[in-house]
Every structure is written in C-alpha cells, then in structure tokens.
Amino acid sequence: MRAGIAFLVLAYVLSQFYRAFLAVLSPVLIAEIGASTGDLARASGLWFVAFALMQLPVGWALDHLGPRRTAASLFLIGGAGGAGVFAMAQGPGAITVAMILIGIGCAPILMATYFIFARAFSAAVFGTLAGVTVGLSSLGNILSAAPLAYLIEGFGWRATVGGFAVLTAVIALAIAVLVRDPPKPEGEATGSLMDLLRMPQLWPILVMMFICYAPAAGLRGLWISPYLGDRFGADLGQLGMAALVMGLAMVAGNFLYGPADRIWGSRKRPIVIGNTVVALLCLSFWAMPPSGLWAAVAVFALIGLFGASYPIVISHGRSFCPPHLTGRGVTLLNLFGMGGAGVMQFASGPTYAALAQTRAPAEAYGALFGLIGLAILAGLTLYLWAKDSTG
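Heads up, the sequence shown is in my numbering, so the first residue is 51 and it goes up one at a time.
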C-alpha cells in the first residue's frame, strides 16, 4: 500500500505539472503552431472543466470499483494518451483536445489517494495527510517552471512533452500493479449524490471550494508569463524562474495549511484569513501595480502561498460526509474546486480581451486580476455562513 500511495503521489505530481505547464510553453506554442493567448486560456480552462466533470463518475467508480482500477485506467488512457496528442499537435485545436484528454486522465488521482486516506486513517489526521500529499505533489508546479524551460531549450518542446507521455504511462502501470483497494466498511449503507446535496452544511463549503483554488491555479498556470512578459519584457529564463518561485510558494502553502486546523482549533478561521489575503493581493494589481519585475514576482508568490487552502477546504467538507459516501463526497468537493478553476480560466481569456480593447495591456491585466479578487471576496461572504469543524 505504501508503494501504491507513493506512485499515486507521483501521478499527482504530473497532474500538477500538466495543469501549469502552458505558462512556460505558451511562447513557443504561439511562435510555432500559431496559438493565441485566447486559445491557450481556452485549452487550460477546458483541462479544468474536463477534470471537474469527471469527478461524479470518478466518485461512483471509487465507491464501486475501487481506487486501483479507476486511477490506473484513466491515467493511462487519458493522461498518457493526451500527452502524446499534445506532442504531435500541429495547431491550437489539437492542443485543446490534448488538454481535455489529460484533464480526464488526471481526474481520479488525488481523489483515489484521499479515498484511501479516508478509509484507512482517522478523520483527525485527514487534513494533515491531504496537505502533505498536495504539498509534495506541488513539485509538479516546480517541474513545470524553470526545469521545463531548460528541457524545452535543450530538447525542443515536442520531445519534452513526448517524454512526459512515456513517464505518465509507466506510472499508470505501476499504480495498476501496486495500489491496494481498502476494504469496504462492514454493513455499509446505501446512498447517493443527492444525499450529499441535501446537506445544508455542505453548500457554503462548496462555494468556498469553487473560488479557493482558482486564483493561484489561474495565475500560476497561465497568466504569470503573459503579464511579466508584456509588462516587464521578461525572457524565457526569467519567466521560468518566476513560475518556479510561485510554485515553491504554493508548495510551502500546502504544508502551511495542512496542520492548520489542529493548530488553530478550527478549519474555518485559517481558510477565511488566507483567502482574504489572496483577494487583497489580487486587488493590489489593480489599485497599486508592482513597479518592477521581481516585486511582481513577490506578489505572485504570496498569492501562491496564501492561495493553497485547497486541502483544508476539502478537509472541512469531508468532515460532514458519511463514511459510505466518502468517494462521492470528496469528488463532489473536488468537482467544485476544479470547476471553479476551469470557469475562471475559461472566462479569463475573453475577459482580458474585452478589457484590453479600452485599456493599455498593463492596465487590462490589473483589471483582470482585480476582478478575480472581487470574486474571492464574494465567495468568502457566503462561506462565512459555514459551520466550523475540527474533528
């Protein structure tokens, strides 16, 4: 089981990599296959949408088929297959198809891991295990930054992505061999997704899930490079380093939030404080734009640090889910988390294009990031009604 969990974590490293690698690949894709920032924003958004829409069937599969078959089959077919399509892409349409396939392939990985944690460990340590898992897996964010830029410069983008397709296939096969499905609870009750949706205590948490991951995912996964390139003329090496800094901050943030519920004696309080900070930082791009490249990178890094509340938010929601609905509960929460990131990514491209028609590029970016900050504050207003939990 330990070896199986280790390979699930490695698979989630690649999931984090795939959702963020367009930030570094965007200049070469624009130059070589004629993709636009709008094309890439759409493709990135559809990765999250595909990932989110798969959560309901994944939840059913986890409860009925188990994490081993669910994770291994989808990661092999969708993840490795989609990366192969990406490596052979001749235009932006193929990039979009590839990102959808990769999103489908990555959809079960983290939830399979959380499913095993929820069945095999106590609820009190779920948040810590969730935070450590996401923290370690956030190395994928680092891999998709400066290391990816160096690989592209050394081997070309097609060979690099093709190599990751092969690696994805190898990890999927290891999951099929090594993961062990946890035993089902004795006398397990029946239930459905509607039982979860009828629980009023979940709804404010679902709202928080919808907005908590989207800012860091969107800015790190796509917008950091265009912003720094257009505003400060950053080159590929600087863009890779900036993405690396933000990725490292997101890693630190996941470890920071992991034990926060036990330290604060509350899950709700650190979520509110952290996401309020993220909202204010996003608004600062609008009200007081950073004056230099590395000042901007510092703000992005702080957004990554405080915007890594996903593990504790999903832990908050999972604490209200009955044991027999563990799979569907965590995947429902993840649907809202990834769905929110997808919606924000999908909407950010046309929103920026509309803002850029009446503003200078730097002002358009600031307005876009400011709107993201306002969306966070709106979600927080509803989340304040959530019932707290610590167990």
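For glycine and all other residues, C-beta sits at the position ideal for the given N, C-alpha and C.
Residue span of the alpha helix (DSSP H) that contains residue i, given as start and end
| i | result |
| --- | --- |
| Ser275 | Ile274 to Phe282 |
| Cys262 | Trp253 to Cys262 |
| Ile426 | Pro411 to Tyr433 |
| His374 | Run containing His374: none; DSSP gives neither H nor E here. |
| Ala222 | Trp207 to Leu228 |
| Phe136 | Gly131 to Ala137 |
| Pro142 | Pro142 to Cys156 |
| Ser94 | Thr87 to Leu103 |
| Pro233 | From DSSP, Pro233 is part of no alpha helix (DSSP H); its letter is neither H nor E. |
| Asp311 | Ala310 to Trp314 |
| Thr120 | Pro117 to Leu124 |
| Phe443 | An answer regarding residue 443 cannot be provided, because it is not within the stretch 51 to 441 covered by the chain. |
| Thr326 | Lys318 to Ala337 |
| Leu77 | According to the sequence displayed, residue 77 carries Pro and not Leu. Where Pro77 is concerned, the enclosing alpha helix (DSSP H) stretches over Leu72 to Ile83. |
| Phe171 | Note, Phe171: premise wrong, no alpha helix (DSSP H); not H, not E. |
| Ile127 | Here Ile127 belongs to no alpha helix (DSSP H), and DSSP marks it neither H nor E. |
| Ser365 | Tyr360 to Arg368 |
| Met291 | Leu286 to Tyr307 |
| Ser438 | The sequence given here places Asp at residue 438; Ser does not occur at that position. Taken as a continuous stretch (DSSP letters only), Asp438 belongs to no alpha helix (DSSP H), as it is neither H nor E. |
| Gly190 | Leu189 to Leu193 |
Candidates the options, of which the one nearest residue i by Cα
| i | options | result |
| --- | --- | --- |
| Trp273 | Ser398, Trp207 and Ile127 | Ser398 |
| Arg92 | Glu82, Val147, Ala61 and Gly423 | Val147 |
| Leu330 | Asp311, Ile353 and Ser341 | Ile353 |
| Val327 | Ser316, Val349 and Gly342 | Val349 |
| Ile321 | Ala224, Arg230 and Tyr307 | Tyr307 |
| Ser334 | Val295, Trp110 and Gly420 | Gly420 |
| Cys156 | Ala170, Phe176, Ser187 and Met138 | Ser187 |
| Val182 | Ser94, Met394 and Ile55 | Ile55 |
| Val257 | Arg52, Leu434 and Tyr68 | Leu434 |
| Phe305 | Met338, Tyr360 and Arg270 | Tyr360 |
| His114 | Ala162, Gly129 and Ile127 | Ala162 |
| Ala351 | Ile261, Leu382, Gly387 and Ala293 | Ala293 |
| Leu427 | Gly315, Met296 and Ile261 | Ile261 |
| Phe101 | Leu383, Pro250 and Leu217 | Leu383 |
| Ala6 | Ala391, Pro197 and Gly131 | For the chain, the structure presents residues 51 to 441; residue 6 sits outside this window and is missing. |
| Ala337 | Leu278, Ile422 and Gly416 | Gly416 |
| Ala345 | Gln140, Leu278 and Gly297 | Leu278 |
| Arg230 | Met244, Arg409, Arg118 and Ala196 | Arg118 |
| Leu160 | Ala61, Leu343 and Leu405 | Ala61 |
| Gly297 | Phe98, Val393 and Leu269 | Leu269 |
| Ala264 | Ser439, Phe356 and Gln140 | Phe356 |
| Ser341 | Glu413, Gly271 and Gly315 | Glu413 |
| Ser439 | Pro373, Arg409, Ile422 and Ile362 | Ile362 |
| Ser194 | Arg169, Leu103, Arg281 and Val63 | Val63 |
| Ile192 | Met300, Gly367 and Pro411 | Met300 |
Buried versus exposed call for residue i [16 or more other C-beta atoms within 10 Å across all chains shown]
| i | result |
| --- | --- |
| Ala266 | buried |
| Ile313 | exposed |
| Lys318 | buried |
| Thr431 | exposed |
| Phe167 | buried |
| Ser76 | buried |
| Gly287 | exposed |
| Leu424 | exposed |
| Gln407 | exposed |
| Ile323 | exposed |
| Val220 | exposed |
| Pro400 | exposed |
| Gln395 | buried |
| Ser275 | buried |
| Pro250 | exposed |
| Arg248 | exposed |
| Phe171 | exposed |
| Asp311 | buried |
| Met388 | buried |
| Pro142 | buried |
| Ala436 | buried |
| Val227 | exposed |
| Phe57 | buried |
Whole-Å CB distance - residue i paired with residue j, under 8 Å assumed
| i | j | result |
| --- | --- | --- |
| Leu112 | Gly377 | 3 Å |
| Ala180 | Ile364 | 6 Å |
| Leu375 | Gln105 | No, Leu375 and Gln105 are not in contact; Cβ-Cβ is about 14 Å, not under 8 Å. |
| Phe125 | Ile225 | 7 Å |
| Ala122 | Ala222 | 5 Å |
| Arg210 | Pro309 | According to the sequence as given, residue 210 is Thr; it is not Arg. Not confirmed; about 36 Å, so no contact. |
| Phe165 | Val380 | 7 Å |
| Gly190 | Ser65 | 7 Å |
| Leu90 | Leu72 | 5 Å |
| Val78 | Ile202 | 6 Å |
| Ile150 | Gly129 | Not a contact, Cβ separation roughly 12 Å. |
| Arg208 | Ala137 | 5 Å |
Closer than 9 Å to chain C by CB, residue i
| i | result |
| --- | --- |
| Leu269 | Within the model displayed, chain C is absent; a lone protein chain is all it includes. |
Contact test: residue i Cβ vs the ligand NAD heavy atom, cutoff 8 Å
| i | result |
| --- | --- |
| Leu421 | This structure simply doesn't include the ligand NAD, nor any ligand for that matter. |
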